Amino acid sequence: MKRYVWMTLSLVLIAAMLLSGCAKKTTTGGTPEDPYKVAFIYIGPPGDLGWTYEHDRGRKALEAEFGDRIETKYIENVPEGPDAARVIREFAQQGYDMVFATSFGYMDPMVEVAQEFPDVKFEHCSGYKTADNLATYFGRMYQARYLAGIVAGRMTKNNIIGYVAAFAIPEVVRGIDAFTLGVRSVNPEAQVYVVWTNTWFDPVIEREAAVALLDEGADIITQHQDTTEPQKAAQERGMLSIGYDSDMRAFVGDTVLTSPMWNWGPYYIQTVGAAMDGTWATHQYWGPMEDGVTGLAEYSPKVPQEVRDEVEAARQKIYDGNDVFCGPIKDQDGQERVAAGQCMTDADMLALDWFVEGVVGTISE
Amino acid sequence: MSVFALISSILTITLRAGTSLIYATVGEIYTERSGILNLGLEGMMLMGAVTAFATAFYTGSLWLALLVAVIVGGLLAALHAFLCVTMRANQVVSGLSITLFGSGLASFLGQRLGPASNNYFLVGMVGPKFTPIPIPFLNSLPLIGAFFNQDILTYIVYLLMPLAWFYLYKTRAGLSLRAVGESPQTADAMGIDVVRTRYLYTILGGMLTGLGGAHLSLAYTPGWTENLTGGRGWIVIALVIFAMWNPGRAVLGAVLFGGINAVQFRLQAAGTAIPAAFLNMLPYLTTILVLVVMTWWEALSKRIGAPAALGKAYMREEK
Chain A
1 MKRYVWMTLS LVLIAAMLLS GCAKKTTTGG TPEDPYKVAF IYIGPPGDLG
51 WTYEHDRGRK ALEAEFGDRI ETKYIENVPE GPDAARVIRE FAQQGYDMVF
101 ATSFGYMDPM VEVAQEFPDV KFEHCSGYKT ADNLATYFGR MYQARYLAGI
151 VAGRMTKNNI IGYVAAFAIP EVVRGIDAFT LGVRSVNPEA QVYVVWTNTW
201 FDPVIEREAA VALLDEGADI ITQHQDTTEP QKAAQERGML SIGYDSDMRA
251 FVGDTVLTSP MWNWGPYYIQ TVGAAMDGTW ATHQYWGPME DGVTGLAEYS
301 PKVPQEVRDE VEAARQKIYD GNDVFCGPIK DQDGQERVAA GQCMTDADML
351 ALDWFVEGVV GTISE
Chain B
366 MSVFALISSI LTITLRAGTS LIYATVGEIY TERSGILNLG LEGMMLMGAV
416 TAFATAFYTG SLWLALLVAV IVGGLLAALH AFLCVTMRAN QVVSGLSITL
466 FGSGLASFLG QRLGPASNNY FLVGMVGPKF TPIPIPFLNS LPLIGAFFNQ
516 DILTYIVYLL MPLAWFYLYK TRAGLSLRAV GESPQTADAM GIDVVRTRYL
566 YTILGGMLTG LGGAHLSLAY TPGWTENLTG GRGWIVIALV IFAMWNPGRA
616 VLGAVLFGGI NAVQFRLQAA GTAIPAAFLN MLPYLTTILV LVVMTWWEAL
666 SKRIGAPAAL GKAYMREEK
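Residue numbers (this note's numbering), protein chains in the order written: chain A, 1 to 365; chain B, 366 to 684.
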């Protein structure tokens, strides 16, 4: 009997230590009036230097903007699925005014909890289901990918660019296609080799995939993953890379030419501001690069001025309404999929499941 | 790229990828041979990785970093041994809590041990690392050269493996260890100290597992990222079964597992038409296949697979 007591005790202790590590109260608060309470649900840790890191940077921007008028809190490493509903519901019950959930898989739990708490405002990143008190938000990352493609197309010597990609879903395919269109807009000889890892986050696998691409002759590596490992692998071979999610040059070095990155601060400030003023209404926001939600990180000194100018020209074209997925666009087999003078609709882009000309790789059914 | 160069490059990365797996697998084989199942490997590897990297980052000494990882791995294993041997707790529950505890604590330390300039985060910091040391002449041989273009921890594996096998099967101490795992009552009757043996080899296993974690953060993927191991601790538990508790076969398993990943990424990079999902499935499919074949073969040759007393607490008074 005694040993069960011991066992239970040690388990409870361990659980207590783990849980106390999870939830962090991050503001000082302390205004006379009631601060506006905003909660964030993260899929990973803010220390991933990628996806969650950027959302947390947005949260901090929110705090810097509103000071003690708001109070923010986050929970990291929340698994997608039923567990997420529990976490979201707890926030709603604790009197939070607004809850942001930052991964696709939180969509259905979010819908479920939003119905139960009509007075709480919910915002879901990257999903498509809405309600009167549930909005969605995302950014047009493909525009920044296209610009990064121009840099890669100009800087490659072997005309082979390696792309370490997570899963064959429209979001990732769209990124690969936009990047390749950017590459081919300045260098029609270059090809983009794709390797699927089937994981978002595994430093070892990501590195191995990058090394395989380098062995295949790639001299620039880019990626749609959550760690900096592909960039480090390229650097060790003396090759260049293009980051993703956050400014990876800060963590790897100048071999990272630039990074298409997220910048959620402006959006969070705008939408929470609207909620505090009482002007918030449900919406589906797919923010263009112009809003600053996506963009390119600062260049490495290795990127020459001509290339930077070329990128600026392309950026201006996109701002002028000439978007990335405007024709003529051919697919891998050389068939024309988008005619000259036509552009893909948002719905087409959100369901994209084919590679453009210049991509070497397959999308499994 | 010529076929030779391709095979050579695959072999090089296979050995590097397999190193951390081999350390942890050999450690767990020794632990399980004494009758203790330790499912805490994932947590122990993560703790080894984070403490090793933090030590190397601040002191600049890679050897001190290895020592710290070994001690941390050993301490966590000692906790497991205390719960399972002395307190006779359920080994599965204890192991799982060590994985949870270790992974949580490792993330926590990664967010606290870094420099102030990086918000105390250790993630993204660059520290000293083990780089491959090519051995002159030998490294230029075709194919075999891949074995001699590795970091020092992989070279140590070449020495460790035959030793681990020899100790287990050819020495008296190895025989005692196996006896404790098969039948602690008999071993006890023969005058072998069961409690001491189980403590010793559980801690030894933890030390090797810590070293495996350190290889990731100091050599293979230098630096600290949360969840750096990506489930490798669980793969090791499968590898132990795959190896049928024999350190010799563990090498085969670890190399196969590391190698198939390297091969499948190269097939993809070369633009093969085989679907990526299938290629990604290969390592796991092979594991299942080998398990089936091994079990069948073991049954035919009437050999014993798992230590008979694995996972059972030993109480002297019980008959």
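Where a beta carbon is used, it is the ideal one built from N, C-alpha and C, also for glycine.
The structure presented is a predicted model; accordingly, all values stated were derived computationally and were not measured.
Residue(s) in a DSSP beta bridge with residue i
i	result
H580 (chain B)	For H580 (chain B), which the question treats as bridged, DSSP gives no partner whatsoever.
F122 (chain A)	A:V99, A:L134
Y193 (chain A)	A:G162, A:V360
S241 (chain A)	A:I221, A:V256
L296 (chain A)	A:P260
N514 (chain B)	B:P499
C449 (chain B)	None; C449 (chain B) has no bridge partner.
K330 (chain A)	A:E336
G492 (chain B)	None; G492 (chain B) has no bridge partner.
Cross-chain neighbours of residue i in chain B, by beta carbon under 7 Å
i	result
D202 (chain A)	G595
F117 (chain A)	Residues of chain B passing the Cβ test: none, with the nearest at roughly 30 Å.
V173 (chain A)	The contacting residues do not exist; V173 (chain A) stays about 13 Å from chain B at best.
F179 (chain A)	In chain order: nothing, as chain B lies at least about 17 Å away.
F251 (chain A)	G489
Nearest residue (CA-CA) to residue i, options the options
i	options	result
I401 (chain B)	B:R381, B:A511, B:R561	B:R561
G139 (chain A)	A:E112, A:W51, A:P46, A:F201	A:W51
A339 (chain A)	A:C326, A:M349, A:A347	A:C326
G546 (chain B)	B:L448, B:G479, B:Y566	B:Y566
E407 (chain B)	B:T396, B:S468, B:A446	B:S468
R237 (chain A)	A:D247, A:A212, A:S246	A:A212
V339 (chain B)	B:M555, B:I606, B:T574, B:R631	Look at the range of chain B in this structure, 366 to 684, and you will see that residue 339 (chain B) is not part of it.
V186 (chain A)	A:G153, A:W196, A:I161, A:N198	A:G153
L604 (chain B)	B:T590, B:T594, B:G596, B:A619	B:A619
P672 (chain B)	B:R381, B:Y395, B:L371	B:Y395
A674 (chain B)	B:V616, B:Q550, B:A584, B:L569	B:Q550
D34 (chain A)	A:R59, A:D97, A:I41, A:D48	A:D97
S399 (chain B)	B:L617, B:A552, B:V491, B:L576	B:A552
I517 (chain B)	B:G571, B:T384, B:R477, B:I372	B:T384
Under 9 Å from the C-beta of residue i: neighbouring residues of chain B
i	result
A234 (chain A)	Within chain B, no residue comes near A234 (chain A); the closest Cβ sits about 13 Å away, beyond 9 Å.
Y193 (chain A)	Q633, A634, A635, G636
Contacts that residue i makes with chain A (C-beta to C-beta distance below 9 Å)
i	result
S472 (chain B)	G21, P45, G47, E76, N77
L581 (chain B)	P203, V204
Range of the contiguous alpha helix (DSSP H) that encloses residue i
i	result
I318 (chain A)	305-319
K157 (chain A)	From DSSP, K157 (chain A) is part of no alpha helix (DSSP H); its letter is neither H nor E.
R89 (chain A)	82-93
E336 (chain A)	Note, E336 (chain A): premise wrong, no alpha helix (DSSP H); beta strand (DSSP E) at 336-338.
A281 (chain A)	Here A281 (chain A) belongs to no alpha helix (DSSP H), and DSSP marks it neither H nor E.
L404 (chain B)	L404 (chain B) -> no alpha helix (DSSP H), and no H or E assigned at all.
F607 (chain B)	597-607
Chain A contact residues for residue i, given Cβ-Cβ distances below 8 Å
i	result
T586 (chain B)	P203, V204, R207, E229, K232
R631 (chain B)	A212, D215, E216
N626 (chain B)	I205, E208
I517 (chain B)	Here the premise fails: no neighbours, minimum Cβ distance about 17 Å.
I378 (chain B)	E208, V211
A382 (chain B)	V204, E208
E685 (chain B)	Coverage of chain B is limited to positions 366 through 684, which leaves residue 685 (chain B) absent and any answer about it impossible.
Element boundaries [beta strand (DSSP E), containing residue i]
i	result
G624 (chain B)	First-last for G624 (chain B): 612-634, but that is the alpha helix (DSSP H), not the beta strand (DSSP E).
I70 (chain A)	70-75
E290 (chain A)	Note, E290 (chain A): premise wrong, no beta strand (DSSP E); not H, not E.
I41 (chain A)	36-41
Contacts that residue i makes with chain A (C-beta to C-beta distance below 7 Å)
i	result
V488 (chain B)	G47, L49
G408 (chain B)	None at all; the shortest Cβ gap to chain A is about 10 Å.
S374 (chain B)	D215
Q476 (chain B)	G47
Local Cβ density within 10 Å of residue i, reported as buried at 16 or more and exposed below that
i	result
M680 (chain B)	exposed
M349 (chain A)	buried
Y534 (chain B)	exposed
W662 (chain B)	exposed
G334 (chain A)	exposed
L650 (chain B)	exposed
N484 (chain B)	exposed
T652 (chain B)	buried
N403 (chain B)	buried
S459 (chain B)	buried
T28 (chain A)	The predicted position of T28 (chain A) is uncertain, since its pLDDT is 37 and thus under 50; no value can be drawn from it.
A317 (chain B)	Residue 317 (chain B) lies beyond the stretch modelled for chain B, which goes from 366 to 684, so this question has no answer here.
G556 (chain B)	exposed
Contact set between residue i and chain B, taken where Cβ atoms lie within less than 8 Å
i	result
G273 (chain A)	Those do not exist, as G273 (chain A) stays about 26 Å from chain B at its closest Cβ, beyond 8 Å.
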